[in-house]
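Participant: Heads up, the sequence shown is in my numbering, so the first residue is 4 and it goes up one at a time.
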Amino acid sequence: MQQNSFAEAQQSFRQSVQQDSKFLDGDVGLAYLALQQKQWKALADTSERVVEVAPNSAEFWFLNSVASFNLGNTEQAETSIGRGRRLDQKHEIPEMEYLYGLILANRHDYGSAAERVSAYLRLAPRGPQC
Numbered sequence: 004m005q006q007n008s009f010a011e012a013q014q015s016f017r018q019s020v021q022q023d024s025k026f027l028d029g030d031v032g033l034a035y036l037a038l039q040q041k042q043w044k045a046l047a048d049t050s051e052r053v054v055e056v057a058p059n060s061a062e063f064w065f066l067n068s069v070a071s072f073n074l075g076n077t078e079q080a081e082t083s084i085g086r087g088r089r090l091d092q093k094h095e096i097p098e099m100e101y102l103y104g105l106i107l108a109n110r111h112d113y114g115s116a117a118e119r120v121s122a123y124l125r126l127a128p129r130g131p132q133c
């Protein structure tokens, strides 16, 4: 993956998942590959498997929300971001606030959306946009 050999990395991660479905490293690798390549369906599927095994992972609830939002499944995106935000008490993933703002804007709740984007800017004033 570090050498940008995505097909080989994907095959390696898939083999590790086939060997042991409870060994998360393979799914974690597949999730990050899917994110890098903007393969939203693959990211949704993989992040769902990860949160089934590790439901206390705010990061993978966030990734599941990213995938769901990009697939147009706003309800699932909101459910996942809600789970992730509850788990991320220390705001270690400030991008969750930004994504939640996008979800709220999609629902035409512009006031709440602006609050979430403002929260993101407070938490990560120099951070990248999602």
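All C-beta atoms, glycine included, are put in the ideal place defined by N, C-alpha and C. Note that the coordinates shown come from a computational prediction; the quantities given were computed from them, not determined experimentally.
Which of helix, strand or coil does DSSP assign to SER83?
Facilitator: Counting from one through the sequence shown, the residue named residue 83 turns up at place 80. Three-state result, SER83: helix.
Participant: Please classify GLU103 as buried or exposed, where buried requires at least 16 neighbouring CB atoms within 10 angstroms.
Facilitator: Within the sequence shown, numbered from 1, the residue matching residue 103 stands at position 100. Correcting the residue type first, residue 103 is Tyr in the shown sequence and not Glu. Per the 10 Å Cβ criterion, buried.
Participant: Leaving out five residues before and five after MET99 in sequence, what residues of the same chain have Cβ atoms less than 7 Å from its Cβ?
Facilitator: As a position in the sequence shown, residue 99 is number 96, starting the count at 1. Closer than 7 Å at the Cβ level, and outside the excluded window around MET99, lie PHE65, ILE84, GLY87, ARG88 and ASP91.
Participant: Whole angstroms is fine: what's the gap from GLN42's alpha carbon to THR82's?
Facilitator: Walking along the sequence shown from the start, residue 42 turns up at place 39. Walking along the sequence shown from the start, residue 82 turns up at place 79. Taking the straight line from one Cα to the other gives about 20 Å.
Participant: Just to confirm the assignment, what range does the alpha helix (DSSP H) spanning ARG129 have?
Facilitator: The residue labelled residue 129 in the question sits at position 126 within the sequence shown. From DSSP, ARG129 is part of no alpha helix (DSSP H); its letter is neither H nor E.
Participant: Buried or exposed, going by whether 16 or more other CB atoms sit within 10 Å of the CB of ARG129?
Facilitator: Here residue 129 corresponds to residue number 126 of the sequence shown, with the count starting at 1. ARG129 is exposed by the Cβ-count criterion.
Participant: Would you mind sorting ALA70 into buried or exposed? The rule is 16 or more other CB atoms within 10 Å of its CB.
Facilitator: Stepping through the sequence shown from its first residue, residue 70 is reached at position 67. Classification for ALA70: buried.
Participant: What span of residues does the alpha helix (DSSP H) with GLN39 cover, start to end?
Facilitator: Taking the first residue of the sequence shown as 1, we reach residue 39 at position 36. Its alpha helix (DSSP H) spans residues 27-39.
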